[in-house]
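A.B. asks: Mapping of the sequence shown onto the UniProt record's numbering: position 362 corresponds to residue 362, and the numbering continues sequentially without gaps.
Ideal Cβ placement from N, Cα and C applies to all residues, glycine included.
One structure is given below, represented as structure tokens, and several questions about it will come after.
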Amino acid sequence: MPQSAEKIKDHSTLFNEPEYKQLMENKKQFEGCHPQEAIDQQAAYINTWEYREKNFAREALTVNPAKACQPLGAVFAGAGFERTLSFNHGSQGCTAYFRSHLTRHFKEPCSAVSTSMTEDAAVFGGLQNMIDGLNNAYHVYKPKMIAVSTTCIAEVIGDDLNAFIRNAREKGSIPEDFPVAYAHTPSFVGSHIVGYDAMVKAVLTTFWEGRERKAGTAINIIPGFDGYAVGNNRELKRILNEMGVEYTILSDVSDVFDTPTDGTFRMFDGGTKLDDVAAALDAKATFGLQKYCSDKSLEYAASKGQDVAAFHYPLGVGATDEFLVKLSAITGKAIPESLERERGRLVDAMADSNAWIHGKTFSVYGDPDFVYGMTRFLLEMGAEPIHLLSTNGGKEWAAEMDTLLKSSPYGVKGQVWAGKDLWHMRSLLATEPSEFLIGNSYGKYLERDLGIPLIRLTFPIFDRHHHHRFPVLGYQGGLAVLRTILDKILDVLDVETAKTGISYDLVR
Ligand code: SF4
């Protein structure tokens, strides 16, 4: 065998050794493979307009959706509170999926437990699982709060969280006054962004309900489901401190998913202090940085008498301006010169690089607020958006996107695709290609099949490391996004010009 202790080969080289290649060829004899000619024919056919029409005619099948299910968002939101244990009422495999999905992205352990429902619980109900589960979770992991959400199995049989948790308290699984936030998160509707919103609202309800509000001057911020939360939340805090704004970030995962390696395992680290969540009832206003992640939570904050405002992932110039202007108007704090200078630097960088990005075409997919924010920034840079797709975007989002595209001369080629998946995106790019694609790691298969370079700028990023540590929000984040896009444009240009030797230049 080619592997040896003296020179250990990675699988990507090892499996190219003749022994392994022969092994794989031999396997094909038993796999009933189609002849290569037929495979090539089919591969060419799925790139045609005829296939695109068939693909878009499908109604009851989703292939490669660019979204995850509700409880994943609830687990993420729950993790952002002080010593809070995310707890899924449902099957163990679902929780393993949520944990691994988040761990693969953040390269950090993600703690969550489940009531491990199996066949008997599916038939007779999961009450006993809840009683035992809360008892174990409370005594073994010693959290300060438990955040309960549901997976499909519990929703299909209609388990009632309110009644179950009350029962568990009566049985002594958890103390009477121990905070348990709970949200029903059925996965057959909505997506992770709805589950995120449901859990944030559940936490607020746990601490705010039945109390009287004394209006204060602080601001609450709900960041929304964000794969860049580690870098973005820290950047957000820097901006708010710079402005002298008093604030509470509701669900702050920045330390949870970025614990230091110093010999101490921290199952819980950071997160919004529970006392601060309670005090946040008195805030003057609550802002949702991603409108589609905070609908219900903002509605709830408004019902308590707070001002509310929602944004679409403020990255780039105009969106950051809007966020800061609103913040300033609500708090009465002036936007400091330091932030104005940051704005100027971003505009300067955009002008410096305009020749390379102007007129380049991009397709974007992801959560609705991300696609909106990214498209807006592309338009600001003179780039031309082509296909803008959000599996979990609906009609309202599509209308907002249309208005955005119409607001710029660079938006004329843009087409908005709400509720479509990445197999739709494949047909779109095969028939009406853009020069670049912006999305997450799943886009690498589109990149491979269609030769359209992928720029990874949203969750999940499994096959590259540490992106989440650097902010993409605000003016500073805008610089990072600009650099990331430009690097890809110039890398591609170098590869292309190296083939001919023409314009393979040192200075770009
Ligand atoms: S869709 Fe349902 S079954 Fe699948 S991981 Fe989500 S909760 Fe579990």
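Pick out whichever of N135, L134, G126 has its Cα sitting closest to the Cα of V156.
C.D. replies: Of N135, L134, G126, the residue nearest in Cα terms is G126.
A.B. asks: Starting from S149, follow the beta strand (DSSP E) in both directions and report where the run begins and ends.
C.D. replies: 145 to 150 is the extent of the beta strand (DSSP E) around S149.
A.B. asks: Near L240, what residues of its chain come up, given a Cβ to Cβ distance below 6 angstroms and the 5 sequence neighbours on each side ignored?
C.D. replies: The residues are Y247.
A.B. asks: From G172 to N135, what does the alpha carbon distance come to, in whole angstroms?
C.D. replies: Distance between the alpha carbons of G172 and N135: 8 angstroms.
A.B. asks: To which residues of the same chain is S503 closer than 7 angstroms at the C-beta, ignoring the five residues directly before and after it?
C.D. replies: T497.
A.B. asks: For V256 versus Q70, is the C-beta spacing smaller than 7 angstroms?
C.D. replies: Not in contact: V256 and Q70 (Cβ atoms no closer than 7 angstroms).
A.B. asks: Taking 6 angstroms as the cut-off, is the beta-carbon of T331 closer than that to any non-hydrogen atom of the ligand SF4?
C.D. replies: Incorrect: T331 has no Cβ contact closer than 6 angstroms to the ligand SF4.
A.B. asks: Could you tell me which whole alpha helix (DSSP H) segments of length 4 or greater appear in the segment 180 to 209?
C.D. replies: Counting whole runs of 4 or more residues, the segment 180 to 209 contains the alpha helix (DSSP H) stretches 192 to 208.
A.B. asks: Just to confirm, are E384 and T361 a CB contact at a threshold of 7 angstroms?
C.D. replies: In this structure, T361 lies closer than 7 angstroms to E384 by Cβ.
A.B. asks: Less than 7 angstroms separating the beta-carbons of M145 and P179?
C.D. replies: Yes. Within cutoff.
A.B. asks: Under 6 angstroms from any heavy atom of the ligand SF4, by CB: list those residues in chain order, please.
C.D. replies: So the residues near the ligand SF4 by this Cβ test are C69, P71, C94, Y97, T151, C152, S187.
A.B. asks: Can you list, in chain order, the residues of its chain with a C-beta nearer than 7 angstroms to that of A168? Leave out the 5 residues immediately preceding and following it.
C.D. replies: Same-chain partners within the cutoff: M130, I131, L134, I174.
A.B. asks: Which residues does DSSP list as the beta-bridge partners of H387?
C.D. replies: Note: H387 sits in a beta bridge opposite Q415.
A.B. asks: If we call anything under 7 angstroms between Cβ atoms a contact, is V253 one with A79?
C.D. replies: Contact flag set, yes.
A.B. asks: List the endpoints of the continuous beta strand (DSSP E) containing I221.
C.D. replies: From DSSP, the beta strand (DSSP E) with I221 extends over 219 to 222.
A.B. asks: Cα separation between R345 and A319?
C.D. replies: Near 16 angstroms, if we compare the C-alpha coordinates of A319 and R345.
A.B. asks: So does the segment 194 to 210 actually touch the segment 259 to 268, counting three or more Cβ pairs closer than 8 angstroms?
C.D. replies: No, the segment 194 to 210 does not touch the segment 259 to 268.
A.B. asks: Identify the continuous alpha helix (DSSP H) that holds N232 and give its terminal residues.
C.D. replies: Start and end: 229 to 243.
A.B. asks: Please classify R483 as buried or exposed, where buried requires at least 16 other C-beta atoms within 10 Å of its C-beta.
C.D. replies: Answer is exposed; the Cβ neighbour count stays below 16.
A.B. asks: Please confirm whether S116 and C152 have their CB atoms less than 7 angstroms apart.
C.D. replies: Contact: no.
A.B. asks: Between the beta-carbon of F87 and the beta-carbon of A137, is there less than 7 angstroms?
C.D. replies: Going by C-beta atoms, F87 is nearer than 7 angstroms to A137.
A.B. asks: At a cut of 8 angstroms, does the segment 419 to 433 reach the segment 45 to 61 through at least three beta carbon pairs?
C.D. replies: Taking 8 angstroms as the limit for Cβ pairs, the verdict is that the segment 45 to 61 does touch the segment 419 to 433.
A.B. asks: Indicate the three-state DSSP secondary structure (helix, strand or coil) for G288 in the structure shown.
C.D. replies: Residue state, collapsed to three classes: strand.
A.B. asks: Using only CA atoms, which one of F436, N440, S363, F470 lies nearest to G231?
C.D. replies: Of the listed residues, the one whose Cα sits closest to G231 is F470.
A.B. asks: What do you reckon, are the CB atoms on K296 and S191 nearer than 7 angstroms?
C.D. replies: Cβ distance not < 7 angstroms, so K296 and S191 don't count as in contact.
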